[in-house]
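Chain order of the listed sequences is C and X.
Letter by letter, the first sequence follows residues 6 to 344 of my numbering.
Letter by letter, the second sequence follows residues 2 to 354 of my numbering.
Worksheet: one structure, shown below.
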Amino acid sequence: MVSACELPPCDDVTGPGWSGAPTSSSFPDCDGHFVGSLASLRIQTVLFEPRDGDIQRLVRGLGNAVRVAKRHDQLGPVSFAIGDCSGDPSLTPEVFGALERSAHDDGVDHLSFEHFGSNLGSAGGHNRLLENSDETAVLTFNPDAYPSPDLLLQLAVPLVDKEVGIVEAKQIPLEHPKDFDRTSGETSWASTAAALIRRSVIEAIGGFDADAFFLYCDDVDFSWRARLAGFRVTHQPSARIFHDKRLTTEGTMVVSDAEIYYAAEAAMMLAWKYSHPELAMRLMRGFSSSPLALHRRVASRFRARMDEETLPHRLDPDGHVAEFHPDGNYARHRFSYND
Amino acid sequence: MTEHDDRWEGTPLGDLLGPICAHRDEEVGTERVDDAEPFREVNSESKGEPPTPFLSVLMRTQGRRLATIHESLLAMAAQTSQNFEVLLLAHGVPRQGFDDLHELVDSFGLEFSGRVRIIAVEGGGRSRPLNVGIDEARGEYIAILDDDDVVFGHWVATFEHHAIDAHGGVIRCVPAEQSVRPTTWPGGEAGYEITSRPRCPWPVRFDLLDHLYENRTPPCSFALARRSFNDLGIRFDESLPVLEDWDVLLRVAMLEGVLDTGEVTALWRKWDTGDSSTFVHSSKEWRQARKAVISKLDSRPLLLPAHSLVRLQALVASQDRFQRRKKLVIRRLSTPMRVARRLRRRFLSRVDS
């Protein structure tokens with residue numbers, strides 16, 4: 006499928022503000038020309054009870070990435086929307102005012118803050134923020150992440166290919182183990198911890214499925230639906246973010262109760278939605294007899310939704326995009342964090 | 002040694018303290034310093050200088066790995082505590098590479114790049130840039146982060162949190178390692194790829210006796226008080242081609258002690274191939290460096306932490322038991338031979354008689 010998003014080809018980059026290729030050897034180019042895909046950009050992040058300093062660091066980092074992209078004349082107007090799922094607003098008007106001035110100095114044209122008043126989850130929060138946007142590309146960004154200065158420039162490179170709908174950044178210090186094609190970067194799904202999405206993808210598939218996915222795997226589902234709509238999903242290793250994950254002294258990832266609960270729920274939802282009901286049932290039986298109370302609770306909730314007939318409609322009956330690996334992953338992995 | 006200390010000359014205590022006292026004499030003339038320098042320095046802001054950061058991060062680079070140095074810097078920019086400075090020690094980096102480093106650092110924005118100093122270092126081996134960095138450092142503590150290692154978001158905060166309790170001693174976190182190898186990324190940039198899950202093969206707790214045998218703490222996983230260098234006159238040994246960090250860690254740990262944080266805060270990259278020190282230096286160089294470190298330490302009295310005697314007794318007892326068992330096994334195994342010899346002697350004596 007050809008994306009509706011119009012991207013100027015490398016040899017046809019014109020328009021106000023275009024000043025040709027940057028001189029930096031550190032930044033990407035395309036045969037001497039930038040890809041110029043970011044005619045306008047929406048950056049959006051969804052907060053939940055952030056730690057002290059998280060928002061300031063986030064706005065500072067993303068502001069700097071905007072500054073670098075604009076310095077290279079690769080970026081049009083930018084709006085930056087912060088959605089807050091916390092019980093109380095995470096920003097006071099004074100702090101927001103200071104952030105607004107700082108972001109504006111970096112080239113962010115409009116910074117907004119919306120306290121949702123309830124916890125909409127990651128998918129619901131992003132959908133709410135998407136309601137009032139029409140930019141040609143959307144960058145989803147996690148509040149516990151920090152961008153590389155050239156993040157936007159690097160993420161824009163694969164979008165020169167009009168079939169690429171979503172470009173995912175590489176995470177450090179703990180890289181996601183998901184495999185990708187070493188030449189094209191093509192991968193099964195993109196993490197929305199930092200992903201650049203064409204507007205046409207959102208128009209084609211209608212945002213995230215917040216009914217089925219509250220916190221985890223909303224991005225897996227979003228990517229698979231984008232692929233079903235004909236877009237390609239790519240991983241761009243030179244586009245980096247720092248994602249504040251931690252390790253235990255055994256070398257395994259530190260996981261929260263929320264992650265345990267919602268990852269289990271998402272596993273059943275994905276299996277159900279992508280036409281593997283037998284796998285969903287097997288998972289549900291496994292969680293029902295798990296020693297973890299969280300697992301038993303999520304299995305019970307899934308059973309209730311099945312009885313209520315509120316589970317999502319089935320997609321991809323022939324298995325064109327969905328991958329369910331025996332180790333529980335949704336893509337082939339290069340290594341595991343929990344061996 | 003000062004006149005005051007002469008009474009210890011020729012004794013183990015004199016041998017232990019001599020180099021330290023000699024360094025102090027150089028620093029202050031022959032005057033004895035009665036007032037010990039407080040651990041927490043006076044904030045230099047009051048003197049019109051930039052505020053003293055908690056941590057000085059010594060980052061060695063030869064400018065060959067822009068992909069990984071980019072990530073090391075990104076990890077620093079993302080720290081939850083920004084109470085640090087970075088000394089980017091460009092060791093033998095040509096003009097173009099130096100410009101690339103400047104451009105990379107500047108791209109992070111003034112708030113971060115204003116705390117990064119790029120310092121050209123010429124000549125010498127792996128230790129030279131570290132010694133230059135020590136001379137330039139302003140932080141209370143000094144840590145090493147090489148240009149291919151990354152740290153977790155609480156690396157600086159963890160060192161900072163434990164500094165008071167460490168009383169100027171070494172602060173150590175739990176290092177993790179992950180295997181990587183060079184590759185070319187989509188788009189043609191020289192990069193790397195991960196080839197293993199992260200592991201924590203090193204001990205959570207620092208044990209000096211274990212470390213005297215071999216290094217179990219990579220350089221990115223500890224911080225040393227700057228006073229250890231200034232007051233004790235310790236420097237990285239420029240005659241060592243490798244293991245310079247082990248040498249300094251042992252010398253400081255013996256004198257200042259080690260505080261374990263128990264937190265995994267650093268990820269040491271282990272290269273499967275490429276131009277890391279593992280491959281650039283031959284196994285012979287590694288063996289010789291290890292021997293040199295041990296010989297140097299062994300030429301002076303060792304200061305061991307409390308409760309080491311029990312460990313040493315257990316080690317000697319274990320060795321003793323092993324020797325006794327060995328003798329017993331040899332005796333048992335050789336019994337048939339001894340019996341045969343005895344029978345032969347009896348037989349021969351009967352034949353003779």
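Note that beta-carbon positions come from the ideal geometry of N, C-alpha and C, so glycine has one too.
In this text the structure is predicted, and so the values were computed from the model without any measurement.
Give the straight-line distance between the Cα atoms of residue i and residue j, rounded to the nearest whole angstrom.
i	j	result
G25 (chain C)	R76 (chain C)	Any reading at G25 (chain C) must be qualified, since the residue scores a pLDDT of 27, below 50, and its modelled position is unreliable; the value itself is stated next. Those two C-alpha atoms are separated by around 12 Å.
G170 (chain C)	A271 (chain C)	23 Å
N124 (chain C)	D147 (chain X)	42 Å
F305 (chain C)	W277 (chain C)	Sequence inspection shows Ser at residue 305 (chain C); the Phe mentioned does not correspond to that position. Their Cα atoms are separated by approximately 15 Å.
R351 (chain X)	P337 (chain X)	21 Å
G19 (chain X)	L96 (chain C)	58 Å
Q83 (chain X)	P51 (chain X)	14 Å
L52 (chain C)	I202 (chain C)	20 Å
G124 (chain X)	F230 (chain X)	21 Å
S354 (chain X)	L334 (chain X)	32 Å
P282 (chain C)	Q159 (chain C)	39 Å
E328 (chain C)	L275 (chain C)	10 Å
H109 (chain C)	A103 (chain C)	10 Å
S31 (chain C)	V294 (chain X)	Because S31 (chain C) sits at a pLDDT of 43, beneath the cut-off of 50, its placement in the model cannot be relied upon, and the following sentence gives the value as read from the coordinates. So the alpha carbons of these two residues sit roughly 40 Å apart.
I'd like to know if residue i contacts chain C, where contact means its C-beta is closer than 9 Å to some C-beta of that chain.
i	result
V152 (chain X)	yes
P219 (chain X)	no
A315 (chain X)	no
L75 (chain X)	yes
H71 (chain X)	yes
H168 (chain X)	no
A79 (chain X)	yes
S222 (chain X)	no
L334 (chain X)	no
T62 (chain X)	no
Does any C-beta atom of chain X lie closer than 9 Å to the C-beta of residue i?
i	result
V64 (chain C)	no
Q79 (chain C)	no
D249 (chain C)	yes
I177 (chain C)	yes
P148 (chain C)	no
T145 (chain C)	no
L201 (chain C)	no
R245 (chain C)	yes
L67 (chain C)	no
R56 (chain C)	yes
G95 (chain C)	Correcting the residue type first, residue 95 (chain C) is Ser in the shown sequence and not Gly. Chain X contact via Cβ: absent.
V113 (chain C)	no
S189 (chain C)	yes
P98 (chain C)	no
Compute the distance between the beta-carbons of residue i and residue j, then report whether it is under 9 Å.
i	j	result
R182 (chain X)	T196 (chain X)	yes
D150 (chain X)	C221 (chain X)	yes
P317 (chain C)	D214 (chain C)	yes
V157 (chain X)	L59 (chain X)	no
V87 (chain X)	R118 (chain X)	yes
A44 (chain C)	T141 (chain C)	yes
L164 (chain C)	W229 (chain C)	no
F359 (chain C)	G129 (chain C)	The first residue shown for chain C is 6 and the last is 344, placing residue 359 (chain C) beyond what the model contains.
I177 (chain C)	A76 (chain X)	yes
Measuring CA to CA, which of the options is closest to residue i?
i	options	result
F247 (chain C)	X:T69, X:V171 and X:S309	X:T69
R173 (chain X)	X:V253, X:S335, X:S296 and X:E194	X:V253
N132 (chain C)	C:M289, C:R237 and C:E208	C:E208
E215 (chain X)	X:G188, X:D100, X:Y193 and X:L244	X:L244
L80 (chain C)	C:V113, C:T239 and C:A269	C:V113
Y267 (chain C)	C:H109, C:D323 and C:F307	C:F307
V83 (chain C)	C:A74, C:S91, C:D89 and C:D155	C:A74
How far does the alpha helix (DSSP H) with residue i in it extend, from its first residue to its last?
i	result
A103 (chain C)	P98 to D111
F307 (chain C)	A298 to E313
R173 (chain X)	That residue, R173 (chain X), is in no alpha helix (DSSP H); its beta strand (DSSP E) goes V171 to T185.
D89 (chain C)	Counting along the chain, D89 (chain C) falls outside any alpha helix (DSSP H), though it belongs to the beta strand (DSSP E) covering V83 to D89.
E194 (chain X)	Segment A191 to I195 is the beta strand (DSSP E) holding E194 (chain X); no alpha helix (DSSP H) there.
P337 (chain X)	T336 to D353
Y214 (chain X)	L209 to Y214
R65 (chain C)	D59 to R76
Beta strand (DSSP E) containing residue i: first to last residue?
i	result
R270 (chain X)	V259 to W272
F5 (chain C)	Examination of residue 5 (chain C) is not possible in this model, given that chain C is present from 6 through 344 alone.
I202 (chain C)	A199 to R203
T81 (chain X)	Where T81 (chain X) is concerned, there is no enclosing beta strand (DSSP E), given that its DSSP letter is neither H nor E.
P152 (chain C)	A150 to P152
Could you tell me if the beta carbon of residue i falls within a distance shorter than 8 Å of some heavy atom in the ligand COA?
i	result
V143 (chain C)	Because no ligand of any kind appears in the structure shown, any question about the ligand COA cannot be addressed here.
For a cutoff of 9 Å on Cβ pairs, would you count residue i as touching chain D?
i	result
L252 (chain C)	Among the chains of the structure shown, chain D does not appear; the protein chains present are C and X.
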